[in-house]
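Read through the structure below, which is laid out as structure tokens, and then see the notes.
2 protein chains.
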Amino acid sequence: MAHYSRLSKVVIDVPAADHDRELAFWGAAAGEPLTRFDRHPEYHGAELHGQEFWLLIQQLGQGSARVHIDIHTDDLPAEIARLEKLGAERVQQAHSWQVMRDPAGPLFCVIPESWPGTLNDGNAQRWD
Amino acid sequence: MAHYSRLSKVVIDVPAADHDRELAFWGAAAGEPLTRFDRHPEYHGAELHGQEFWLLIQQLGQGSARVHIDIHTDDLPAEIARLEKLGAERVQQAHSWQVMRDPAGPLFCVIPESWPGTLNDGNAQRWD
Chain A
2 MAHYSRLSKV
12 VIDVPAADHD
22 RELAFWGAAA
32 GEPLTRFDRH
42 PEYHGAELHG
52 QEFWLLIQQL
62 GQGSARVHID
72 IHTDDLPAEI
82 ARLEKLGAER
92 VQQAHSWQVM
102 RDPAGPLFCV
112 IPESWPGTLN
122 DGNAQRWD
Chain B
2 MAHYSRLSKV
12 VIDVPAADHD
22 RELAFWGAAA
32 GEPLTRFDRH
42 PEYHGAELHG
52 QEFWLLIQQL
62 GQGSARVHID
72 IHTDDLPAEI
82 ARLEKLGAER
92 VQQAHSWQVM
102 RDPAGPLFCV
112 IPESWPGTLN
122 DGNAQRWD
């Protein structure tokens with residue numbers, strides 16, 4: 002059974018103390034208002050100008066600020082298994098998505114794409 | 002005089018010891034061969050599937066792996082000045098681009114876009 006995946010988002014993770022000015026900075030830097038996600042209010046984001054690619058700011062409880070990539074997929078178990086075979090490791094499940102670590106250490110997330118047909122031959126990679 | 006800018010790339014910075022397997026991992030994860038840049042051989046990259054957005058892997062001499070964002074602009078001094086007013090700081094110049102630090106700490110780069118008209122009202126933000 003084939004599935005699709007794509008790199009869909011870049012996310013800046015920011016501790017609470019720096020969150021508001023970081024959110025204001027990146028919204029102004031990109032020229033896109035970053036709006037709060039109703040279902041996950043720790044995230045603000047916008048689709049980048051003319052691209053099917055999102056910028057998000059995530060509020061963290063603690064830790065130092067960092068940047069991570071999100072991969073979206075229409076088959077989460079199949080995509081996780083594919084990425085594990087390539088050398089990534091599972092770190093933890095968070096809400097509906099999976100946090101993973103790439104071979105050199107940076108974390109990334111694999112997100113199930115809930116809208117049927119959103120990932121297709123025109124905008125994503127098909128894995129047979 | 003108006004200028005344009007846009008978020009154009011996500012770059013994974015990787016120390017030499019981890020570079021080759023990280024490059025192989027992300028090329029396979031994205032399903033795009035990441036090819037070496039002739040003029041800057043420490044970089045490999047590809048335009049992401051169906052998007053005007055690039056993924057790059059940069060080989061670092063040392064340090065721990067991290068992810069950063071690149072902003073492209075057709076007027077480097079004007080864009081640096083704009084971002085400084087928003088709260089970013091200059092860190093260093095590297096080749097033709099400027100390394101900056103955002104208000105919460107992560108580094109990002111501002112890159113001059115050498116092809117006239119590449120940045121326009123259809124794919125970038127205009128700053129008057």
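Those protein sequence lines, which keep their order, are chains A and B.
Letter by letter, the first sequence follows residues 2 to 129 in the numbering used here.
Letter by letter, the second sequence follows residues 2 to 129 in the numbering used here.
Cβ coordinates follow ideal geometry from the N, Cα and C atoms, glycine included.
Among the options, nearest to residue i - alpha-carbon criterion
i                : options                            : result
TRP98 (chain B)  : B:LEU77, B:ALA47, B:LEU87          : B:LEU77
GLU43 (chain A)  : A:LEU120, A:HIS73, A:ALA95, A:ARG7 : A:ALA95
GLY115 (chain A) : A:HIS4, A:LEU57, A:ARG37, A:ASP75  : Here residue 115 (chain A) is Ser; the residue named in the question, Gly, does not match the sequence. The shortest C-alpha separation from SER115 (chain A) is found at A:ASP75.
LEU24 (chain B)  : B:ARG40, B:HIS73, B:ALA47, B:ALA3  : B:ALA47
GLN126 (chain A) : B:ALA79, B:VAL12, B:ASP39, B:ALA30 : B:ALA30
VAL68 (chain B)  : A:ASP129, A:HIS4, A:ASP14, A:GLY32 : A:ASP14
PRO104 (chain A) : B:HIS20, B:GLU80, B:GLY123         : B:HIS20
GLY88 (chain B)  : A:GLY28, A:HIS45, A:ILE81          : A:GLY28
GLY123 (chain A) : B:GLU90, B:ASN124, B:LEU49         : B:LEU49
9 Å Cβ cutoff met for residue i and residue j
i               : j                : result
TRP63 (chain B) : ALA17 (chain B)  : The amino acid occupying residue 63 (chain B) in the given sequence is Gln; Trp does not appear at that position. Taking 9 Å as the Cβ cut-off, GLN63 (chain B) and ALA17 (chain B) qualify as a contacting pair.
ILE70 (chain A) : PHE26 (chain A)  : no
LEU84 (chain B) : LYS10 (chain B)  : no
SER6 (chain B)  : VAL92 (chain B)  : no
ALA66 (chain B) : GLY106 (chain A) : yes
ILE72 (chain A) : LEU8 (chain A)   : yes
LEU61 (chain B) : HIS45 (chain B)  : no
MET2 (chain A)  : ALA82 (chain A)  : no
Where the alpha helix (DSSP H) through residue i begins and ends
i               : result
ARG22 (chain B) : 17-31
PRO78 (chain A) : 77-87
N- and C-terminal bounds of the beta strand (DSSP E) containing residue i
i                : result
GLU53 (chain B)  : Note, GLU53 (chain B): premise wrong, no beta strand (DSSP E); not H, not E.
PRO113 (chain A) : 108-113
GLN126 (chain A) : 126-128
THR74 (chain B)  : 67-74
DSSP three-state assignment for residue i, whether helix, strand or coil
i               : result
PRO42 (chain A) : coil
HIS96 (chain B) : coil
GLN63 (chain B) : coil
Please list the residues of the region 91-117 of chain A that have a C-beta atom closer than 7 Å to any C-beta atom in chain B, keeping them in chain order. ASP103, PRO104, ALA105, GLY106, PRO107
Where the region 8-19 of chain B meets chain A: residues whose CB sits under 7 Å from a CB there: LEU8, VAL11, ILE13, VAL15, ASP19
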